[in-house]
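Each remark here refers to the structure printed beneath this line.
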Amino acid sequence: MAITVEKPGIDGLEEAVAELREWQSDGVAWQLHPGDLGWFWRKGPEETAASVRIWRRDGRILAVGFLDGADLLRFTTAPDVRRDEELARRVAEDVASPERGVLPEGNVFVEAPPDALLQEVLPGHGWHVDDEEPWTPLSLDLTEPVKAPDLRIETVGADLAAAWAEVIGTAFNGSTFTAEKWRTMAAGPAFADARCLLGYDDRGAAVAAVAVWSAGPGKPGLLEPMGVHRDQRGHGYGRAITVAAAAALRELGSSSAVVNTPSSNVAAVTTYKSGGFQPWPETRDLTRDA
């Protein structure tokens with residue numbers, strides 16, 4: 001049968017999250033993670049469902065795409081079809097045709113695993129490497145125990161949602177995150193394997209926050225997001241909450257902790273490196289000009 005692309009609807013999101021869990025591997029520099037959908041779930045299940053695309057063949061999910069904004073498709077595949085020519089050419093056709101409802105017209109972007117055949121096929125359809133915004137993937141092997149950070153850490157439940165939301169809200173310019181959005185996020189299927197952590201200084205003030213997303217035992221876990229209160233920067237709290245996040249993922253059975261950040265965000269890259277994370281080679285999206 002031919003490959004088809006579909007919007008999964010709310011009921012199909014759990015299936016997409018489950019497949020993304022299964023596909024995670026320490027051998028890939030970066031790929032779409034169930035935690036990416038879990039963090040986006042703060043916007044609600046309807047908006048999350050509207051942002052997901054699934055490619056199937058004979059009923060089997062081959063690939064999942066996530067519209068992280070109107071102009072960026074974050075895409076990954078099952079490991080055994082990463083080099084599938086039929087899939088790569090079908091996806092290339094879908095992202096090139098706005099009427100298929102994957103990407104709109106104009107200047108758009110696709111993020112795909114570095115080893116995906118799509119990386120080679122798209123340039124033949126009018127796409128090129130985006131030279132303006134490289135990304136730095138980083139990872140930390142969790143085979144050995146992680147040293148406890150010098151910061152009091154609390155696991156966040158509904159009682160601490162407002163405090164966690166406040167730290168995240170101040171950490172990112174333009175953030176609209178609220179306690180209500182935390183509760184929405186926590187109701188999503190990806191949150192079953194997640195933890196939110198809050199770090200406190202010696203005075204008892206909440207100074208740093210992070211969410212970690214496990215993909216199951218023996219698979220990489222994701223940090224998304226991590227932030228330090230804007231009034232508390234420069235004290236090492238970013239490093240401390242990053243180490244706490246890695247420790248939490250190890251408790252959840254993750255094989256490694258992974259994160260991806262724009263290379264231009266030098267402070268973030270430095271923070272992760274100070275927490276023991278090792279950088280992979282930079283990755284770049286593919287783009288199609290308007």
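Residue 48 in full-length UniProt numbering sits at position 48 of the sequence shown; the count goes up by one each step and never skips.
Beta carbons are placed, not taken as given, at the ideal position from N, Cα and C, and that holds for glycine.
In this text, all values refer to a predicted model and were calculated from it rather than measured experimentally.
My output table needs one value for residue 274: the three-state DSSP class, helix, strand or coil. Under the three-state reduction of DSSP, residue 274 is assigned to helix.
Reduced DSSP secondary structure (H/G/I, E/B, other) of residue 142: coil
Does DSSP put residue 4 in a helix, a strand or coil? strand
Any idea if residue 31 is buried or exposed, counting beta-carbon neighbours within 10 angstroms, 16 or more meaning buried? buried
Residue 225, DSSP secondary structure in three states: strand
Contact defined as beta carbons within less than 8 Å: I believe residue 115 pairs with residue 102. What is the distance between those atoms, to the nearest angstrom? Between residue 102 and residue 115 the Cβ distance is about 21 Å, and since that is not below 8 Å, they are no contact.
What residue does the alpha helix (DSSP H) around residue 178 start on, and which one ends it? Counting along the chain, residue 178 falls outside any alpha helix (DSSP H), and DSSP gives it neither H nor E.
Out of 130, 142, 276 and 53, which has the shortest C-alpha to C-alpha gap to residue 254? 142
Provide the residue span of the alpha helix (DSSP H) that contains residue 92, from first to last. It spans 85–96 - the alpha helix (DSSP H) in which residue 92 sits, taken as one unbroken run.
DSSP-derived helix/strand/coil call for residue 189: It is helical.
Evaluate contact between the region 123–143 and the region 250–269, counting only Cβ atoms and requiring at least three cross-stretch pairs below 8 Å. yes
Pair within 8 Å by beta-carbon distance, residue 36 and residue 66: yes
So, for residue 150: in the same chain, excluding its five sequence neighbours on each side, which residues have a beta-carbon less than 7 Å away from its beta-carbon? Excluding the 5 residues flanking it on each side, residue 150 has same chain C-beta neighbours closer than 7 Å at 240, in chain order.
Distance, Cα to Cα, residue 55 vs residue 87? Approximately 8 Å between the Cα atoms of the pair.
Among the candidates 137, 185, 99 and 98, whose CA atom is the shortest distance from the CA of residue 268? 137
Less than 6 Å between C-beta atoms, sequence neighbours within five positions excluded: which residues of the same chain meet that for residue 246? 140, 146 and 257
Return the CA-CA distance between residue 120 and residue 111, expressed in angstroms with no decimal places. 13 Å
What is the rounded straight-line gap between the Cα of residue 3 and the Cα of residue 89? CA-CA distance, residue 3 to residue 89, rounds to 10 Å.
Name, in chain order, the residues that DSSP records as bridge partners for residue 199. 153 and 208
Residues near residue 362 by beta carbon distance below 7 Å, same chain, minus five either side: There is no way to answer for residue 362, as the model of the chain reaches only from 1 to 290.
Quick one: is residue 219 buried, meaning 16 or more other Cβ sit within 10 Å of its Cβ, or exposed? buried
Look at the alpha carbon of residue 208 and the alpha carbon of residue 226, and state the distance between them as a whole number of angstroms. 8 Å
Which listed residue (244, 5 and 236) has its alpha carbon closest to that of residue 99: The alpha carbon of residue 99 has as its nearest neighbour, out of 244, 5 and 236, the alpha carbon of 5.
Just grab the DSSP bridge partners of residue 279 for me. In the DSSP output, where bridge partners are listed per residue, residue 279 has 138.
If we ignore side chains and look at the alpha-carbon of each, how far apart do residue 262 and residue 177 end up? 21 Å
Which partner residues does residue 301 have in the DSSP bridge list? In this structure the chain extends from 1 to 290, so residue 301 is not present and cannot be described.
Go through its chain and collect everything with a Cβ distance to residue 21's Cβ below 6 Å, but skip five positions before and after it. 34, 215 and 216
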